[in-house]
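*Asks:*
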Amino acid sequence: MQRISYFILAAVFLGAQAHDAAAVTLHAAGSTTVLPVVSTAAAAYHRQHPDVTITVSGGGSGVGIASMIQHTADIGMASREIDAEEAAKLNGKVDVLTIAKDAVAVVVSKAVYVGGVHQLSLRQIADIYRGKIKNWETLGGPDAQILVIDKEASRGTRHVFAEAVLGDAHARAPGASVISGSNNEEQALVAHSDQAIGMLSNAWLNDDVRGIAVGEGNKAIFPDIGHVRDSSYPISRSLHILLSKKGPPEAREFANFLLSPQGQAIVKKSGYLPVR
Amino acid sequence: MLNLWMRTSALISLLVVVVMLGFLLQQSWPYWQHDGLNPLLSGDWYPYEHLFGLAAAIIGSFWAALIALAIAIPTGLAAAVMSTEILPGPWRSLMRSGMELLAGIPSVVYGLLGLWILLPLLQSNLHLLTGHNLLAAGLLLSVMVLPTIMVMTQDALCEVSSHQRDTAASLGMGWSARLWRVLLPQAWPGIRSGILLALGRALGETMAVMLVVGSMDRIPDPWYNLLAPAQTLTSRIGREIGESAFGSMHFSALMACGLLLALITITISMLAHIRSDKISVNRP
Numbered sequence: 001m002q003r004i005s006y007f008i009l010a011a012v013f014l015g016a017q018a019h020d021a022a023a024v025t026l027h028a029a030g031s032t033t034v035l036p037v038v039s040t041a042a043a044a045y046h047r048q049h050p051d052v053t054i055t056v057s058g059g060g061s062g063v064g065i066a067s068m069i070q071h072t073a074d075i076g077m078a079s080r081e082i083d084a085e086e087a088a089k090l091n092g093k094v095d096v097l098t099i100a101k102d103a104v105a106v107v108v109s110k111a112v113y114v115g116g117v118h119q120l121s122l123r124q125i126a127d128i129y130r131g132k133i134k135n136w137e138t139l140g141g142p143d144a145q146i147l148v149i150d151k152e153a154s155r156g157t158r159h160v161f162a163e164a165v166l167g168d169a170h171a172r173a174p175g176a177s178v179i180s181g182s183n184n185e186e187q188a189l190v191a192h193s194d195q196a197i198g199m200l201s202n203a204w205l206n207d208d209v210r211g212i213a214v215g216e217g218n219k220a221i222f223p224d225i226g227h228v229r230d231s232s233y234p235i236s237r238s239l240h241i242l243l244s245k246k247g248p249p250e251a252r253e254f255a256n257f258l259l260s261p262q263g264q265a266i267v268k269k270s271g272y273l274p275v276r
Numbered sequence: 001m002l003n004l005w006m007r008t009s010a011l012i013s014l015l016v017v018v019v020m021l022g023f024l025l026q027q028s029w030p031y032w033q034h035d036g037l038n039p040l041l042s043g044d045w046y047p048y049e050h051l052f053g054l055a056a057a058i059i060g061s062f063w064a065a066l067i068a069l070a071i072a073i074p075t076g077l078a079a080a081v082m083s084t085e086i087l088p089g090p091w092r093s094l095m096r097s098g099m100e101l102l103a104g105i106p107s108v109v110y111g112l113l114g115l116w117i118l119l120p121l122l123q124s125n126l127h128l129l130t131g132h133n134l135l136a137a138g139l140l141l142s143v144m145v146l147p148t149i150m151v152m153t154q155d156a157l158c159e160v161s162s163h164q165r166d167t168a169a170s171l172g173m174g175w176s177a178r179l180w181r182v183l184l185p186q187a188w189p190g191i192r193s194g195i196l197l198a199l200g201r202a203l204g205e206t207m208a209v210m211l212v213v214g215s216m217d218r219i220p221d222p223w224y225n226l227l228a229p230a231q232t233l234t235s236r237i238g239r240e241i242g243e244s245a246f247g248s249m250h251f252s253a254l255m256a257c258g259l260l261l262a263l264i265t266i267t268i269s270m271l272a273h274i275r276s277d278k279i280s281v282n283r284p
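Protein chains in written order, with the numbering used here: chain A, 1 to 276; chain W, 1 to 284.
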């Protein structure tokens, strides 16, 4: 969906630019979790370097990594680590730069949260995704069937979540009721339901989409930046930018910009934890 | 010069079909080589476990297209008969332009309308966990293929000669007899083309279906359960093609989905040709 509908022209040429001989257009693709940071940064970078335009599109971490393998983008975005199969195809030709950290929140619909579900243990979440728990009432919530939202297999959020909850990034989730793609799609699904559970970066939470605490008893931890910083939240991860070693130098300069104080300020403003 | 241009164009259109099929076959070859035709019967699609069963998506595609046609054929026929035979001129052209407008709406718009309006309606009225299902896909597709069926039927009805109409009327045939015995049979070749074109579009539609079908790789259980999230061939290709590395087994399996779709559509249109040849031979 987002490959087409989420296409954002991060910075646009201003009408009468006569000197576009030196102009460079870079394309970034991949994780929709990393996307807000990169598109905001791309607009800021374009203001400082009018000859560099960066277009940004989503698709998910799998697409970001595949775009590096197939040379279809200059900058890859990924919200998970590169797996062995992908690493073999990349063959060391790509640099991975960590630009931020975030928490993968376990999210529920507002009605579920208000109905009494404020925290779940990893085991309970796993039981929901394995189809062993089917009603919110079992978990102290309203009497409603659970709408279990899984994500497309290649999505970074899915990898990190499944690894932490189900023990394997590619584990099957037989309890799933529907598959979503981008963060927007996931957010909309949860917001439009009264009985949903899903997985979403902590920066995408809002009044309709509530993050719950993860853990046992009074040790349960809420998914916020403070708990990512002190590594206490169990489903945290790093957000990456991928650069081809032989790629254009402008892409590398843009990556440096992301790691500069100004770039890191954008990371913070987007709701993620800066790395510098 | 004109002649050369026409010949080249004809050759190019032919080549496009051959090249496209050749490409799909070549790219999906590793997949067919690996498992033969077994995956056609298996519903398990787990790319990371190297399981690429196509049954769930094939069944989903057929169900969605079937629902679409089941709604669009009677509606389209009735609307076409109404507008060509009953309504006065201004209304007729109004309906016609309305249908043409409907046909011009991009599919992603239909998909978003489905996502925001149809799914919540289905969810609340049928008390479902989620509105994402084959019924939603079928309903959306029926609106999308309606113009094809209606416009083609209108054209076919208009071509029934006034001679035939007059004869039928002078024989004292009633309105319903004229409709069933003269108008529809005479217009049938055109109507059938419309239906087949509509079927092709329903099977091949990606964007709108992808947004509402739920993308779950499960065979409907029981087989007539249209109210659970499911998958179609097109929506699977749309969701996964970006992430699959060119040349991998995953990519090859997706190309196999594409090849199947292409073969089905080509078979349908060839069937249509064979049948229409027969009919035109039999016609006086």
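Glycine included, C-beta positions come from ideal geometry on N, C-alpha and C.
If you measure from the beta carbon of W/G50 to each beta carbon in chain A, is any gap under 8 Å?
*Replies:* The question names Gly, yet the displayed sequence has His at residue 50 of chain W. Chain A, which has no Cβ nearer than 8 Å to the Cβ of W/H50, makes this no.
*Asks:* Report the rounded CA-to-CA distance for W/L263 versus W/L11, giving the unit in angstroms.
*Replies:* Whole-angstrom Cα-Cα distance: 21 Å.
*Asks:* Please list, in chain order, all residues of the same chain as W/G43 whose beta carbon is under 6 Å from its beta carbon, the five residues on each side excluded.
*Replies:* Excluding positions up to five away in sequence, the list reads G53, A55, A56 and I219.
*Asks:* W/T148 by DSSP, collapsed to three states: which one?
*Replies:* Three-state result, W/T148: helix.
*Asks:* Under 8 Å by Cβ, that's how I've got A/T53 and A/A73 pegged, so tell me the actual separation to the nearest angstrom.
*Replies:* Actually they do not touch by this definition, with Cβ atoms about 14 Å apart.
*Asks:* Tell me which residues share the same chain as A/L147 and place their Cβ nearer than 6 Å to its Cβ, disregarding the 5 neighbours each side in the sequence.
*Replies:* S177, S193, Q195 and A196.
*Asks:* So, at 7 Å on beta carbons, what are the nonlocal neighbours of A/V267 in its own chain, with the 5 sequence-adjacent residues on each side left out?
*Replies:* V37, I99, A100 and P274.
*Asks:* From the DSSP output, in three-state form, read off W/F52 for me.
*Replies:* In this structure, W/F52 counts as strand in the three-state DSSP scheme.
*Asks:* Counting only the same chain and skipping the five closest in sequence on each side, list residues whose C-beta sits under 6 Å from that of W/L102.
*Replies:* P147, listed in sequence order.
*Asks:* At 7 Å on the CB atoms, spell out the chain W contacts of A/G181, in chain order.
*Replies:* Going along chain W in sequence order, the residues near A/G181 (Cβ under 7 Å) are R239.
*Asks:* Sorted by chain position, which residues of the same chain lie with C-beta nearer than 6 Å to A/Y233's C-beta, five sequence neighbours on each side aside?
*Replies:* Excluding residues within five positions, the ones whose Cβ falls inside 6 Å are A103, I221, P223 and H227.
*Asks:* Can you give me, in chain order, the residues of the stretch 102–132 of chain W that have a beta carbon less than 7 Å from any beta carbon in chain A?
*Replies:* Answer set for the stretch 102–132 of chain W: V108, P120, L129, T130 and H132.
*Asks:* For chain A, check one thing: does any of its Cβ atoms lie closer than 8 Å to the Cβ of W/G204?
*Replies:* Output row for W/G204: interface = no.
*Asks:* Taking a Cβ distance cut-off of 7 Å, strictly less, list which residues of the stretch 45–68 of chain A are near chain W, in chain order.
*Replies:* If the cut-off is 7 Å between Cβ atoms, the stretch 45–68 of chain A has G59, G60, G62, V63 and A66 near chain W.
*Asks:* For A/S154, decide whether its Cβ has a neighbour in chain W, counting only Cβ atoms nearer than 8 Å.
*Replies:* Answer yes: the Cβ-Cβ gap between A/S154 and chain W drops below 8 Å somewhere.
*Asks:* Give a yes or no on whether the C-beta atoms belonging to W/T153 and W/A80 are separated by under 8 Å.
*Replies:* Yes, the pair counts as a contact, with Cβ atoms nearer than the cut-off.
*Asks:* With distances taken between CB atoms, is the gap from W/T206 to W/G238 smaller than 8 Å?
*Replies:* Yes, the Cβ-Cβ distance between W/T206 and W/G238 is below 8 Å.
*Asks:* According to the Cβ coordinates, are A/V117 and A/G140 closer than 8 Å?
*Replies:* Taking 8 Å as the Cβ cut-off, A/V117 and A/G140 qualify as a contacting pair.
*Asks:* Within a Cβ cutoff of 8 Å, which residues of the same chain sit near A/Y113, ignoring the five residues on either side of it in sequence?
*Replies:* Excluding sequence neighbours, A/Y113 sits near R210 and I212.
*Asks:* When the Cα of W/H163 is compared with those of W/V108, W/V182, W/N133 and W/L211, which residue comes out closest?
*Replies:* Comparing Cα positions, the closest option is W/V182.
*Asks:* Since A/Q145 sits in a beta bridge, which residues does DSSP pair it with?
*Replies:* Paired residue(s): A/N135.
*Asks:* If we call anything under 8 Å between Cβ atoms a contact, is W/G98 one with W/L118?
*Replies:* No, the Cβ-Cβ distance between W/G98 and W/L118 is not below 8 Å.
*Asks:* Which residues in the same chain have their Cβ closer than 8 Å to the Cβ of A/P261, if we skip the five residues on either side of it in sequence?
*Replies:* Correct list, in chain order: R276.
*Asks:* Kindly confirm or deny that the stretch 235–254 of chain W and the stretch 169–185 of chain W touch, where touching means at least three C-beta pairs closer than 8 Å.
*Replies:* No contact exists between the stretch 235–254 of chain W and the stretch 169–185 of chain W.
*Asks:* State the Cα-Cα distance for the pair A/R123 and A/V165, rounded to the nearest angstrom.
*Replies:* Straight-line Cα distance between these residues: approximately 7 Å.
*Asks:* Find the nearest neighbour of A/I241 within the set A/I235, A/S231, A/I225 and A/L259, judged by alpha-carbon distance.
*Replies:* Ranking the options by Cα distance to A/I241, first place goes to A/L259.
*Asks:* Is the shortest distance between the beta-carbon of W/S244 and the beta-carbons of chain A less than 8 Å?
*Replies:* So, interface residue.
*Asks:* Within the 8 Å Cβ cut-off, does A/K132 reach chain W?
*Replies:* So no, A/K132 is outside the interface.
*Asks:* Could you give the distance in angstroms between the alpha-carbon of A/I69 and the alpha-carbon of W/A245?
*Replies:* Roughly 7 Å separates the two Cα atoms.
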